[in-house]
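Every letter in the sequence shown is one number past the one before it in my numbering, and letter 286, counting from 1, is 273.
Glycine is no exception: its CB is placed at the ideal position from the N, C-alpha and C atoms.
From a predicted model like this one, the values you see are computed outputs, not experimental measurements.
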Amino acid sequence: MQAVISRLKGYDLEQRNLEYVFGKHLLRSQHDNHLYYDLEVLERKFKSLDRCVAEYMLVKVNLKNLTSQIDDSSERGKAVKIRLEAIDLDAVIAYEVDLFAPVELRRYLMQIKDEVLLDRLRYQVKESMTRTKEIMEVNLRGDVIHAADQLETLRYQRWILYAYNHSNFLMIDQLSSVREIHRDIFQAYLYRFLTPGFGQEEFDLQLLTDVVLHIHPRTLSEMLEEVPVLAVSEATRKGILGKASNLLRSHFVTGGFSGLRQEVDMKAQMLDSSSCFYHYEVFSLLFMVIAKMGCCTDDVRGISPDIINFLLADPKYFDQYMKTLSALIEHFGDAFSVSQFLQVLQAIIPKLESHHLKHDRIVKGILKSWRRHFPQEKIKEVKLIHQAVVNHMGGSNPEYLRLGHLWHITAPELQDVIVAELERFLDLDFNAHLFQCLVHEGVLAVDHKDYFSSYVKEQVAHNTPDGFWHSDGKLIRNPSIDNMAILVHRFDVPLYHPALLDIVGLTPYQSWLLNPDGFEYSGFEVLWLKEAFSVYFFKKLKGNVVVKATLEAYLKESFDEQLTKIYFKYLA
């Protein structure tokens, strides 16, 4: 993005052309509808010039495609939108293009107007994807198929799409139809990659770049769920990591009297909310791809200084797009150092505010990574810990859980400061979920103060024995008692605890889950075992002859893979 900004700044007013406006489109700049005004200038510039008839038509097409992106919250915006909606591209062809365009050029411009080329490409890509899927399915069955490889076809289709979009400076890459083509192309490559004995060996740099630029994060996440690793060459891995480094560096500059600081042009660009959202969508996708490339610690260590400097510069960003970077930091903590992590925490913790989650994922990622990779190193700075506690006051449960993560990497002599604030918060407004998480995290003991009694009371109050119906018609079991049973079994809470003795209104399943040894097994149902997902509960069933015998009898009559695994792992 920084390279595009620099190039755009090199255009004089008289030099601004379709390429210039297309560059602004690539930045997703939509502040004050200025893309419209840039195109309007070109519209007047090219009108009635026979040598510019193609450019004029492309400007008109882009104006028409811009209609849905116009901010019409102001009177001027409403007028702009009305004007764009009134553009008749057929009339432009008939009364303006026909005067100057040769027959072949007219035909080509007509195909662009009617999206004939795009529709044809969409159909061809869909066919290639379907054929690639069929080849994969046949090979997975162990059959033999003699079919033409679709790889060269897909490469050609990628080239056509790129040329059609970029050579014509068409601002269409945000359209759902174009994103669908990019998605189908990558899906076809994934099918080929997963085809036994016939699969693609590696994903190339340009393909992965297109994926990052044009596929929605949620869509890509779903596509990659069944792919353990994206095989890439060493050159491609370095290329993607290099792009990540450039993206991070575009946000900061070093040197000078002020040292590390935000890059001015990029900071200004991020004030445009549309541009900012798109930029961090690409940011998120890029680190999602990196996580799937099979990188080693040394690979991530190469970009770790840029990651740290990006976080220290603290540009405007959105917490939801930091999920993939946070996961990378957590997984590859040994690519960083304790001093780097501490430096970031020293910069971010003073900025933390209650109910403001900008830094939430990054802070949690660093805290978890520190605990996992440097368990012997602890924070000994009194001021930093006190700042963290003060800045969490008045916050929500997730924010106080973040204090729990900080507790693990805090020096023992300072941990009581965090515990005291957690106690104050729980005493003021007890929350069962927060207490449950803090116990599982080892921050609080299950018998800390009298919180367990409050916990049981709240879980029972929230219990709906019959479950509840989801909007799609599925019955969902209320997890309140399930979660309480896990806590009881994991930390060996005695079942004669006064809080547990007072429980009433449980279903037979919930009673069994809480006390399998004291349950009346005449009402036992084998399928309950599929609902009880906790390893701590299954360990309690070890040696339970009634459950074992009942499950054996069931499996003799009806095989069930999940129940078979439970039997051999915990009961046999």
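Distance between residue j and residue i (C-alpha atoms, nearest Å)
i, j, result
"Val219", "Asp191", "7 Å"
"Leu76", "Glu102", "12 Å"
"Thr551", "Asp504", "22 Å"
"Glu340", "Val376", "11 Å"
"Ile57", "Arg464", "46 Å"
"Gly429", "Lys355", "14 Å"
"Val533", "Glu507", "10 Å"
"Arg118", "Glu268", "31 Å"
"Met44", "Val84", "7 Å"
"His360", "Val325", "9 Å"
"Arg63", "Arg70", "11 Å"
"Trp357", "Ile490", "41 Å"
"Gly226", "Thr397", "38 Å"
"Leu344", "Glu386", "8 Å"
"Tyr265", "Phe33", "30 Å"
"Ala393", "Leu247", "One detail in the question is off: residue 393 reads as Leu in this sequence, not Ala. Near 26 Å, if we compare the C-alpha coordinates of Leu247 and Leu393."
"Gly184", "Asn126", "8 Å"
"Thr494", "Asp469", "12 Å"
"Leu5", "Asp59", "24 Å"
"Gln402", "Arg128", "58 Å"
"Leu13", "Gln(-11)", "11 Å"
"Ala519", "Ile553", "10 Å"
"Asp252", "Ile(-8)", "8 Å"
"Ser35", "Leu86", "9 Å"
"Arg3", "Lys113", "37 Å"
"Lys11", "Met158", "10 Å"
"Leu141", "Ala255", "39 Å"
Counted within 10 angstroms of its Cβ, other Cβ atoms place residue i as buried (16 or more) or exposed
i, result
"Glu317", "buried"
"Asp171", "buried"
"Met380", "exposed"
"Ala41", "buried"
"Ala175", "buried"
"His476", "buried"
"Tyr438", "buried"
"Tyr442", "buried"
"Val369", "exposed"
"Ala88", "buried"
"Leu514", "exposed"
"Phe412", "buried"
"Tyr483", "exposed"
"Arg38", "exposed"
"Gly229", "exposed"
"Tyr496", "buried"
"Tyr308", "buried"
Proximity below 9 Å, CB of residue i to CB of residue j
i, j, result
"Met257", "Lys310", "no"
"Gln144", "Gln111", "yes"
"Leu108", "Leu148", "yes"
"Lys529", "Leu558", "yes"
"His153", "Phe9", "yes"
"Val583", "Leu22", "A query on residue 583 cannot be resolved here, the shown segment of the chain reaching from -12 to 559 and no further."
"Val433", "Val480", "yes"
"Thr54", "Glu72", "yes"
"Leu487", "Leu501", "yes"
"Ser383", "His342", "yes"
"Val426", "Phe478", "yes"
"Ala222", "Asp293", "no"
"Leu371", "Gln330", "no"
"Gly391", "Leu415", "no"
"Ile319", "Thr284", "What sits at residue 319 in the sequence shown is Phe, not Ile. Their beta carbons are under 9 Å apart, which means Phe319 touches Thr284 by this criterion."
Rounded distance between the beta-carbons of residue j and residue i, thought under 8 Å
i, j, result
"Ile74", "Lys100", "The Cβ separation is near 11 Å, so there is no contact."
"Val287", "Leu315", "7 Å"
"His203", "Arg179", "Actually they do not touch by this definition, with Cβ atoms about 22 Å apart."
"Ser115", "Gln137", "5 Å"
"Val214", "Lys279", "7 Å"
"Glu250", "Ser237", "6 Å"
"Phe295", "Gln327", "Per the sequence shown, the amino acid found at residue 295 is Ile instead of Phe. With 8 Å as the limit, Ile295 and Gln327 qualify as a contact, their Cβ atoms being about 5 Å apart."
"Ile405", "Gln374", "So it is not a contact: roughly 12 Å between Cβ atoms."
"Asp306", "Asp347", "5 Å"
"Ile473", "Phe525", "Contact doesn't hold; Cβ gap of about 11 Å is too wide."
"Leu207", "Leu272", "6 Å"
"Ile80", "Leu96", "7 Å"
"Met210", "Phe173", "7 Å"
Exercise. At which residue ranges does the segment 321 to 370 contain complete alpha helix (DSSP H) runs of 4 or more residues, listed in the order of the chain?
Worked result: 325 to 335 and 347 to 360
For this session: Within the segment 256 to 313, note down every full alpha helix (DSSP H) run reaching 4 residues or more, in order along the chain.
Result: 260 to 278 and 284 to 300
For this session: Would you mind listing the alpha helix (DSSP H) stretches within the segment 11 to 91 that are 4+ residues and don't spill past its ends, in chain order?
Result: 21 to 33, 40 to 52, 62 to 72 and 76 to 79
Exercise. Which full runs of the alpha helix (DSSP H) of 4+ residues lie inside the segment 160 to 217, going along the chain?
Worked result: 163 to 180, 192 to 201 and 204 to 210
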